[in-house]
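First comes the structure, then the notes that go with it.
Residue numbers (the numbering used here), protein chains in the order written: chain A, 1 to 114; chain B, 115 to 224.
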């Protein structure tokens with residue numbers, strides 16, 4: 001596997017379910033990000049981890065809970081979601097925290113909340 | 115409110131034509147990024163612009179940055195069908211604070 005991978009690629013869940021999204025980067029990067037991409041809205045940065053420590057939380061509802069057990073893996077735990085949470089969730093990584101590097105994105109998880 | 119606006123939102127152009135996509139932002143940022151997203155796929159980095167007056171070119175795409183005007187442009191020269199995609203600009207007004215534009219959906223017609 002190369003680059004940034006995400007699983008699952010598609011997820012359908014009910015509002016009472018609990019699920020997790022997984023992201024893995026094989027680039028040796030030290031910063032990882034979760035984004036939400038909704039139709040007709042700009043990409044929204046949700047969480048940022050730098051060296052496994054959360055450094056940014058952009059007013060994201062508590063029904064989204066991130067976890068970064070090491071610099072290669074990032075999870076997004078989901079529970080009691082709402083239909084408006086349906087979106088494409090993108091994971092990204094970058095080499096050095098706080099330095100000027102572009103981000104490398106995974107393919108995304110298409111989430112549908114029913 | 116921090117905003118990044120792109121114009122146009124949709125662009126349909128003939129092959130061989132030239133066009134420019136504009137990215138205006140409302141906050142101070144010395145860095146600007148351009149990304150490309152193909153339908154159903156993830157974002158791919160195109161350019162990183164680091165200073166006022168920076169210009170970068172790759173193939174038929176050329177990006178420039180004017181930090182005083184808070185404006186970046188992505189110029190397309192002699193468009194080809196393979197350039198059909200959605201293009202996003204993004205600024206970084208602070209550490210870990212990335213703000214993306216709404217995207218410009220480009221369709222190049224044969």
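The beta carbon of each residue, even a glycine, is placed where N, CA and C say it ideally should be. Please read all numbers here as calculations on a predicted model, not as lab measurements.
Identify, in the order they occur along the chain, each residue of the same chain with its Cβ nearer than 6 Å to the Cβ of residue 56 (chain A), setting aside the five sequence neighbours on each side. Contacts found: 48.
Quickly, what does DSSP pair residue 32 (chain A) with across the bridge? List them, please. Residue pairing by DSSP puts residue 32 (chain A) in a beta bridge opposite A:49, A:93.
Which whole-angstrom value describes the C-beta separation of residue 152 (chain B) and residue 199 (chain B), a residue pair presumed to lie in contact below a C-beta threshold of 8 Å? Confirmed, Cβ separation roughly 5 Å.
So is residue 43 (chain A) buried or exposed if we call it buried at 16+ other beta carbons inside 10 Å? Around the CB of residue 43 (chain A), 16 or more other CB atoms lie within 10 Å, so the residue is classed as buried.
Would you list, in chain order, the members of the segment 43 to 72 of chain A that have their beta-carbon closer than 9 Å to a beta-carbon of chain B? Going along the segment 43 to 72 of chain A in chain order, one finds 43, 44, 45, 48, 50, 55, 56, 58 with a Cβ nearer than 9 Å to chain B.
Residue from A:12, A:90, A:114 with nearest C-alpha to residue 154 (chain B): Relative to the Cα of residue 154 (chain B), the nearest Cα in the group A:12, A:90, A:114 belongs to A:90.
Closest Cβ-Cβ distance between residue 124 (chain B) and chain A: below 9 Å? Output row for residue 124 (chain B): interface = no.
Closest Cβ-Cβ distance between residue 175 (chain B) and chain A: below 9 Å? The C-beta of residue 175 (chain B) comes no closer than 9 Å to any C-beta of chain A.
Are there 16 or more other CB atoms within 10 angstroms of the CB of residue 102 (chain A), so buried, or fewer, so exposed? Around the beta carbon of residue 102 (chain A), 16 or more other beta carbons lie within 10 angstroms, which makes this residue buried.
In or out: residue 29 (chain A) buried (at least 16 other Cβ within 10 Å) or exposed? Residue burial annotation: residue 29 (chain A) is buried, with at least 16 other C-beta atoms found within 10 angstroms of its C-beta.
Reduced DSSP secondary structure (H/G/I, E/B, other) of residue 83 (chain A): Here residue 83 (chain A) sits in helix by DSSP.
Residue 164 (chain B), DSSP secondary structure in three states: If DSSP states are grouped into helix, strand and coil, residue 164 (chain B) belongs with coil.
Using a Cβ cut-off of 7 Å, pull out every chain B residue sitting near residue 102 (chain A), in sequence order please. Chain-ordered, the chain B residues with CB closer than 7 Å to the CB of residue 102 (chain A) read 147, 159, 162.
6 Å Cβ shell around residue 133 (chain B) - same chain, five flanking residues per side excluded: Correct list, in chain order: 127, 190.
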